[in-house]
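All remarks here apply to the structure that follows.
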Amino acid sequence: MPETVTGLDALSYEPLTPTAHLDRAASAHGDRIGVIDGERRWTYAELHERCTRLAGALAPLADGRPVAVLAPNTHVLLEAHYGVPWAGVPLVAVNTRLAAAEVAYILSHSKAAVLIHDPSFDVLVDDALARLDTPPRRIRAGEEYESLLAGAEPLHHTPSDERSLLAINYTSGTTGRPKGVMYHHRGAYLQSVAMVAHTGLTPSAVHLWTLPMFHCNGWCFPWAVTAAAATHVCLPKLDPAEVWRLIREEGVTHLNGAPTVLSMIAYAPEAAPLPTGRTIRMATGGAPPSPAILRRMGELGFDVTHLYGLTETYGPAMLCDWRPEWDSLDGAAQARLKARQGVGNMISCTARVIADDGTDVPADGTTTGQIALRGNNVMLGYLDDPEATAAAAPDSWFRTGDIGVVHPDGYVELRDRSKDVIVSGGENIASVEVEQAIMDHPAVLEAAVIAVPDERWGEVPAAYVTLRDGTSATATEIIDHVRTLLARFKAPKSVTFCELPKTSTGKIQKYVLREKAWAGAERRIN
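Its first residue numbered 10, the sequence shown is counted upward by one per residue in the working numbering.
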């Protein structure tokens, strides 16, 4: 039995919450610029004031239910990472690339009471809310949002339980409906501190938002950058020319993104090596970066660290920690090492590669097993889905669905995925979800969707379709049909009409399709 905490320890205990980082930044660095968003700039004291007023405005509107935000990387979504929890309710940051039906499902499933949205999504929100019997209260960023803040009394709610619900992040997973991944305050606090430590954020750092804040709450960097009292530079749209302008004019020192972001930056017409002595630290994840792009980024002056994680782990759970003894290796060897997924035992998470019986695979770089994770930054569970939660972590170790090996030096490298998920440009696409959308077409008898290699995105969905007798359809018709049901990036990039390979029991043999599609390709995963 643990001893009861008494005396000074009991009196001084405060639950961990990532929103406390803004309290400190406003107190210790209140006069310094905390946020740059276009022509607008706010100090940390001003950001703190805006977030407490946002909390005061939202608390009576939310009435204990979640607040959803549909916005690009602007000050509005950044402020929501503080103002919504300070209102005492969970934050639901919605993927801006989703279709109206998907947005409507998330709003309904999360029981969101309020939706704050950017004006650029007016039409999408109109469509989404029209699908709901009881739509949330709608707040439009801009004049309405600013008026709401101006008329609100400041509020600063702190959780009494650090494992209470902080945010809900939706992921497609392997089923047709997205799951609501529940984050708690303690996990986000520890993850944000881990990101400060592992990426070297300091008060002099300038962080450019090239990673979507809606994705795993921006890997907890909305809190991490503030914890370091660094400067947030908002970037609503990933425009390589604008990225390079901000790098040069705002003195950017840090940024994050999927390998596709690296490629966009590295091969932009504006790309040029940074001045001698200047280095930009960049974290990349969502897919293993190729050695070629890592070499190119190194030539430009970027120090790239590869991270591995999932929505269920608040983003990064492993990183490819660089060892000084590798500095003497040639560029090709260094790039190969950097492309590995790395090691666990970060500040708040432990990783293993396990066999089917739950034992650790040998560290021989050959024997494969499933990557399993455990720690403070593993989700509370899936919202209203106890069966899926239990299946994901049957023995307290969360099964990622990714297959890997452990090298003799302890570093993990992915070999395959056991889940039928396509990772395109860092975004997860459930092949089952796309197949169901294709099957909704009246001419389709059956369909299979797999990942195929793509030079820009790493991999993209491709559909293999059998039509019903007496019907006809073109590839364009199938793709357009999917786009009416799902986000455009989920639609197949190609459609092949054929008889699908099957087992003797009638199960579609996707591996046959994959073997043909990936013949000659260097990797089988992205």
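From the three backbone atoms N, C-alpha and C, an ideal C-beta is built for every residue, glycine too.
Just so it is clear, the structure is predicted and the values come from calculations on it, not from any experiment.
- In the structure shown, N104 adopts coil according to DSSP, grouped into three states.
- For G413, the enclosing beta strand (DSSP E) has its first and last residue at F407 to V415.
- Straight through space, the alpha carbons of G529 and T180 are spaced by roughly 31 Å.
- Within a 10 Å sphere around the beta-carbon of R50 sit fewer than 16 other beta-carbons, which makes this residue exposed.
- Shortest Cα-Cα distance from V215 to any of I517, L199, L255 and P187 involves L255.
- C-alpha of L141 to C-alpha of I115: approximately 11 Å in a straight line.
- Counting the other Cβ atoms within 10 Å of the Cβ of A364 gives fewer than 16, which makes it exposed.
- For G196, the closest C-alpha among the options N226, R186 and L210 is that of N226.
- Between the segment 240-254 and the segment 436-451 there are fewer than three inter-stretch CB-CB distances shorter than 8 Å, so the stretches are not counted as touching.
- For R49, the enclosing beta strand (DSSP E) stretches over residues R49 to T52.
- Segment contact: the segment 427-442 against the segment 280-299, three or more CB-CB distances shorter than 8 Å; contact assigned.
- Put simply, the backbone Cα of A496 is about 11 Å away from that of I488.
- Counting along the chain, V234 sits inside the alpha helix (DSSP H) bounded by residues F230 to A236.
- E308 places its beta carbon 8 Å or farther from that of P284.
- Sixteen is the threshold: since fewer than 16 other Cβ atoms of the shown chains lie within 10 Å of the Cβ of L338, the residue is exposed.
- Where M204 is concerned, there is no enclosing beta strand (DSSP E), although the alpha helix (DSSP H) around it starts and stops at H194 to T208.
- A straight line joining the alpha-carbon of G92 with that of G266 spans about 25 Å.
- For D404, there is no enclosing alpha helix (DSSP H), since its DSSP letter is neither H nor E.
- Around A108, the same chain offers L495 and A496 as residues with beta carbons nearer than 6 Å, after the five sequence neighbours per side are excluded.
- With a threshold of 16 other beta carbon atoms within 10 Å, G467 meets it and is buried.
- Annotation for A137: A109, V112 and A113 place their beta carbon closer than 6 Å to its own, counting only its chain and skipping 5 residues before and after.
- In summary, D373 is exposed, with fewer than 16 beta-carbon neighbours lying within 10 Å of its beta-carbon over all protein chains present.
- By the CB criterion at 8 Å, V414 and T377 fall inside the cutoff.
- Y391 and A326 have their C-alpha atoms some 18 Å from each other.
- Assignment of beta-bridge partners to L328 by DSSP yields L316 and V352.
- For Q379, the secondary structure class from DSSP, reduced to helix, strand or coil, is strand.
- Comparing alpha carbon positions, the residue from C229, R383, V132 and R492 closest to V205 is C229.
- For R349 and V202, the gap between their C-alpha atoms comes out near 23 Å.
- Your pair P75 and V101 checks out as a contact, with CB atoms roughly 5 Å apart and the cut at 8 Å.
- Assignment of S213 by DSSP, reduced to helix, strand and coil, places it in the coil class.
- Contact check for F407 against V387 passes: the beta carbons are separated by less than 8 Å.
- For T485, no beta strand (DSSP E) segment is defined; the enclosing uninterrupted segment is the alpha helix (DSSP H) at A484 to L494.
- With 16 or more other Cβ atoms inside 10 Å of its own Cβ, E171 counts as buried.
- If you keep only unbroken alpha helix (DSSP H) runs of at least 4 residues inside the segment 41-90, you get 53-71.
- DSSP, read as helix, strand or coil, puts M306 in helix.
- With fewer than 16 other Cβ atoms from the protein chains shown falling within 10 Å of its own Cβ, T211 counts as exposed.
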